[in-house]
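Asks:
Residue numbers (our numbering), protein chains in the order written: chain X, 13 to 701; chain Z, 968 to 1820.
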């Protein structure tokens, strides 16, 4: 038969070293693929099958090799296999459960690899049969749910999650995965939540659970009602949300730590190489999993949580001790024995377990701080497309945070001061800031620092226009909050002003290159309007009267940039063309800045002339500014303190589609690896059962 | 209550006065006094309600203090009465030898006496159950023979002037088991609050005095423990703290330890029968009062499901619920309700599930607060401590609301939230005391009222909940039929835009809008300007001016100092803080919302503080009674063990050290800055407050020999009062025995300046107040001495160091001096303190060693 030949060839190719052929399970697989009902000869066929060690490669290869017609011929047997897999999940014998899970995994994958062109309906028909599909999937999901929520083995739970991840990522585009429709109907959302709410299970499976959830939420996000979106948006159980936050926190922290290690390694030093050597002993194969792409999955989860669930915002501010000490073993989700927030009877653990480890060197941290640090690393280099996407997602998350009233409240909370060591790109013209000297400040200062850092480090040829726009929007949203609530931050606004002015300068000097690709007037307008915010509403949020003077000083000092900008936009707006409209908006926005320059410059010159000083000192200029306010009239502009709220649909839909696709690919790759290593698992069970 | 004597009829007076002499004349004469059962019970039943209710109002106070001295000799002093009683008791003892059996008569009186208040007092303290009364009865049986001659003493006990203070005094001084047993019973007739004040004394006697006293006290303690969780815990904590000075081997088997174990084992539950009769539980179906709150309607829809009633009887329910948590398979049809179950049952798990014991939640609460303190102490910097404190408290928040409360509060409540970001670490060199604010909901009775429902932190943002989501009402079945293509529901504008500040305003009470209405004056402007295309011009000068004006108009606040984080927190006016926290709290909209604060001290012995509190409170009562306008502020102390406890913070007060450091002003100039210039009403009021409080505390400092008086230990409140805190060095102890602070009290020239200088009227007023205060205190010296004396029993506290503590204390009341001589004494003390360079020297010393100005 052609099939046997194929099989032989396949085996020779893949496992030439193993003892050839005639593995019992392989024989049984062959029976399944042989059109006849395998129980005809052996009534206990199915019972026996699940006692055999699964040969994933063979099974997958077999399915892969079938073409459409052949499949239809053995459809009944495959349906039967699927059916018995599902039934086996309810078995007491754990070996059977493990084998059934793996067989299912192979089935899903094998069918999809083969039928790339086939529609989802065909696949469903092939696996389960149209008439039975609904029932089978219901049984499957219920079995998985009870396995995940039961007291059973942790390895089993892990395998269940792998199967689900496998199922979710079999197609490149998650929305084309028709089988997921049944996962929508038979929700395992509660099981995922339960894993996240329990300390021990969270430590072991949290990562997979969070990634799974993030992916499920993105199934047909824009076309249909996804119950996972609905459910995620209304979760208000704090231990669960905290658990989710912890998982994300761990993953991001781990990334930060590895980055730091690598950085130190590059800087050389005996100690750092030693620690990284020791570290790599622990990391070993986990290293692969922590590539940037995997973190995109975690970042996506963070985004969905922040975007969909309003209660999750509180989790951001939930303090944890910082865990990025070099000694932490580096599993993707380090199982910390001291994880706080247990749901085990806290009445007992409130005191008995010291909840947070006692180490005077530990800085208290929270998810937001970790996220800011992570962002500062990711934003450093946006040339790589993955990193660019990550940076964009970071900025989107920050946008959501900046829009949130509660988040703003704790960002600006004067009582919650933190030192946030952001990573700064080493640049020639500036020294690496001494980390230790960063004062403890409200968190909004760290956000603003991060934005300023981004602005001054990305003025390059490959101008990340989109990121800049988001960055300025975030600043604008924060200032709007401050104005509304009259929060006066003691922030060194001057750094922001000069960064913004430098950005304008960059736009001006690269006008022709940039204009070919981007609408730079939109960005320029945003920047000028930020200045307008300071000029007209400064009284509501600036910390001191002198900071208002400094604003004027900075504008006057850099007046040439504004003058040039005005010339440029005036030129463009007088010419007919696609930029006429946006450029003329900038001309109007510049009215107050120009009024300030035109008002004070003559005054300063005459002051210099009167006092016979060629170069005025800062104090002298400030003196002139202070004494000449009253003769200056400003024009009130419309809608400075209004902003468009973030909305994912339709603007960001494309981005997220692509992002989810890349995450799916990556997860699929990693899951397949780890599923194979589940052989170890099998051994564990064969000994205990 | 020394004044009630006036109410006694002259005859009664005479009778009582004569009795000592009478008894000395003939031992048998006392027998002739009426002491039949019938006559004995009558006065008791009639008097006990009046002692508990009538006293404070019915007593006509003395008009002028100066007259008081003269009157002292006329009325019966407790001292005199006591002496008389002792003499009689002495006689009784002699008679014991004779074996004269005369009075089974007084015996029934006693027993009846305890039973009677039940009917008169509205059934509050009912009859003692058999086993409780037993020890007393045993004693009585033993004493039956010799208690015969006490009938006239009984009359004193039954008279209106017999108050709790006297009861404690007799309990302590009497060596007569019969008398002790009687008073043990008599305790039931006093109001709970009256006895509570003397709880440390009672328990210290129980621990350290002989068995008879203990036996007399125990039934009362046991009875009260059954009644109240709060009382049980207070007793347990005090018993532990006051037993700690015993040798470890004796301690283990001591009575105090045993009683403590009994209480903590929680065997002293109210019998179910009693609870039903006394505190009828609200029917479980009736929704708890806080459900009136808006936005909570969805919770109250299913009260039975949510089981937030965490009383003991409901604990079982919550357990069964938590077992529901373990679902066997997901049933899509009940998903939403499961979701609720999940959250609620994990909620109720928090403090109930494992051990449905009635004392447990509160004990765990206190324990975790102490645990935080211990862990904070290991951190090196204030900043780290503060951050850690905030994060620890945020974890604690997860377990709230629960059936826990702050024992320092005066009303029943449940703790619902700790606004963790408001907590501050206080200044202390090596310990880590911290101040937390606690949001509570007032309730009828914390034991029976249901625990409030948890409201998530982001209550404001619940827009996207089930009801509001356009399509989530679709059941799985419906979904299945319509396989795909449902119109896009993710209309972000609709689901998201309605919220934040706008909504915040709507949801919160009117206070909120006030603070916001002037914020968006420009946005309003900008909207109008949109309509009329007329450009609006503003002057840059106006913006600048507004900025500086607004900064100037904000009330004087302290600058944030990482080394002194508490300064800012304490300076903020209490009302403002309450308002601010209420706005930010998800529970803030509830009408019974209250804010409390408490200082948690870990690693400090607060027993001396408690003693000082009692003395201060007693003196405050005395001065109030005698109408001396001295002002002191005793702050409540909760002793939890010999090295931990809680303190009720004085609100609206910062230490003089903080005042001086932050303002860099002299005290007088600071007064002018805060209250206005001389001769303004505000300033004068503040000055008067300053003088009255200063005089009060000078007396306290003198009488109690309070040491370690640097500016960090003296607070200044927003009304100008000074308040002394930290009574770690009183009576016989002084810091490091350096012999500093030899002056009677602390009076610096800055203080005198605030009073208007040495020649001012206010300074004379100050001295006069001191004199009046001293005279009044002297009049009631016994009440003060007694508090201290009883606590000395078995105590190793440094304030009792040496043998002469009590004698010296008594001497400082100067019973032998005339009023004129007292006046001279006061003058001398003021003079001495003013001139004393040691005060100045000590401040300098503190500045050098602790950085306190």
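Using N, Cα and C, we set each Cβ at its ideal position, and we do this for glycine too.
1. What residues in the region 510-535 of chain X bring their beta carbon closer than 9 Å to a beta carbon of chain Z?
2. Within the continuous beta strand (DSSP E) that includes residue 1381 of chain Z, where are the two ends?
3. I'd like to know if the region 1599-1614 of chain Z and the region 1373-1381 of chain Z are in contact, where contact means that at least 3 CB-CB pairs between them fall below 8 Å.
4. Does the beta carbon of residue 428 of chain X come closer than 8 Å to any beta carbon on chain Z?
5. What are the start and end residues of the alpha helix (DSSP H) that includes residue 218 of chain X?
6. Can we say the region 655-669 of chain X touches the region 1530-1540 of chain Z, given the rule of at least three CB pairs closer than 8 Å?
7. Okay, do the region 1343-1353 of chain Z and the region 1381-1393 of chain Z touch, 3+ Cβ pairs below 8 Å being the bar?
8. For residue 1168 of chain Z, which residues from the same chain have a beta carbon less than 7 Å from its beta carbon, with the 5 sequence-adjacent residues on both sides left out?
9. Does any CB atom of chain Z fall closer than 8 Å to the CB of residue 683 of chain X?
10. Which same chain residues end up closer than 7 Å to residue 478 of chain X when comparing Cβ atoms and leaving out the 5 residues on each side of it in sequence?
11. Quick one: residues in its chain with C-beta nearer than 8 Å to the C-beta of residue 1164 of chain Z, no 5 flanking neighbours on either side, listed in chain order?
12. Look at the alpha carbon of residue 1643 of chain Z and the alpha carbon of residue 1649 of chain Z, and state the distance between them as a whole number of angstroms.
13. With a Cβ-Cβ cutoff of 8 Å, do residue 173 of chain X and residue 220 of chain X count as a contact?
14. Under a three-way DSSP split, which group does residue 645 of chain X fall into?
15. Can you tell me whether residue 1144 of chain Z is helix, strand or coil according to DSSP?
16. Have a look at the DSSP bridge pairing and note the partners of residue 1569 of chain Z.
17. Please go through the region 406-490 of chain X and give each complete alpha helix (DSSP H) segment of 4 or more residues, from N-terminal end onward.
18. Work out the CA separation of residue 138 of chain X and residue 83 of chain X for me, nearest whole Å.
19. Give the residues of chain X in contact with residue 1504 of chain Z, contact being defined as C-beta atoms less than 9 Å apart.
20. Do the region 480-500 of chain X and the region 536-549 of chain X meet, that is, are 3 or more Cβ pairs less than 8 Å apart?
21. Since residue 1174 of chain Z contacts residue 1210 of chain Z with CB under 8 Å, what's their CB separation in whole angstroms?
22. Taking the alpha helix (DSSP H) that residue 603 of chain X belongs to, which residues open and close that run?
23. Give, in chain order, every residue of the region 466-493 of chain X whose Cβ lies closer than 9 Å to some Cβ of chain Z.
24. Buried or exposed for residue 663 of chain X, please, with buried defined as at least 16 other CB atoms from any protein chain shown within 10 angstroms of its CB.
25. How many whole angstroms separate the CB atoms of residue 598 of chain X and residue 581 of chain X, which I take to be in contact at a CB cut-off of 8 Å?
26. Among Z:1726, Z:1383, Z:1512, Z:1379, which has the Cα closest to the Cα of residue 642 of chain X?
27. For the alpha helix (DSSP H) containing residue 167 of chain X, name the first residue and the last one.
28. For the candidate residues X:432, X:638, X:590, X:602, whose alpha-carbon lies nearest to that of residue 615 of chain X?
29. If distances are taken between C-alpha atoms only, which option among X:168, X:651, X:244, X:88 comes closest to residue 213 of chain X?
30. Return the first residue and the last residue of the alpha helix (DSSP H) that residue 1797 of chain Z is part of.
31. Mind checking which residues open and close the alpha helix (DSSP H) that includes residue 1203 of chain Z?
32. Return the first residue and the last residue of the beta strand (DSSP E) that residue 1405 of chain Z is part of.
33. For residue 1327 of chain Z, tell me which candidate among Z:1720, Z:1217, Z:1215, Z:1203 has the shortest Cα-Cα distance.
34. Counting pairs of Cβ atoms below 8 Å between the region 1184-1196 of chain Z and the region 1776-1791 of chain Z, do you hit three or more?
35. At the level of alpha carbons, what is the spacing between residue 500 of chain X and residue 554 of chain X?
36. When the distance is taken between beta carbons, is residue 171 of chain X closer than 8 Å to residue 231 of chain X?
Replies: On the basis of the supplied data:
1. none
2. Residue 1381 of chain Z -> beta strand (DSSP E) spans 1380-1384.
3. yes
4. yes
5. Note, residue 218 of chain X: alpha helix (DSSP H), 211-229.
6. no
7. Cβ pair count under 8 Å is three or more, so yes.
8. 1135, 1754, 1757, 1758
9. no
10. Listed in chain order, the non-local C-beta contacts of residue 478 of chain X below 7 Å within the same chain comprise 404, local neighbours out to five positions each way being set aside.
11. 1131, 1581, 1584
12. 6 Å
13. A distance below 8 Å separates the beta carbons of residue 173 of chain X and residue 220 of chain X.
14. strand
15. helix
16. Z:1611
17. 417-423, 455-469
18. 7 Å
19. 645, 646, 647, 648
20. yes
21. 6 Å
22. Taken as a continuous stretch (DSSP letters only), the alpha helix (DSSP H) holding residue 603 of chain X covers 603-623.
23. 493
24. The residue in question, residue 663 of chain X, is exposed, as its Cβ has fewer than 16 Cβ neighbours within 10 Å.
25. 4 Å
26. Z:1512
27. 166-180
28. X:638
29. X:168
30. 1786-1802
31. Per DSSP, residue 1203 of chain Z is one residue of the alpha helix (DSSP H) stretching across 1196-1210.
32. 1401-1409
33. Z:1203
34. no
35. 6 Å
36. no
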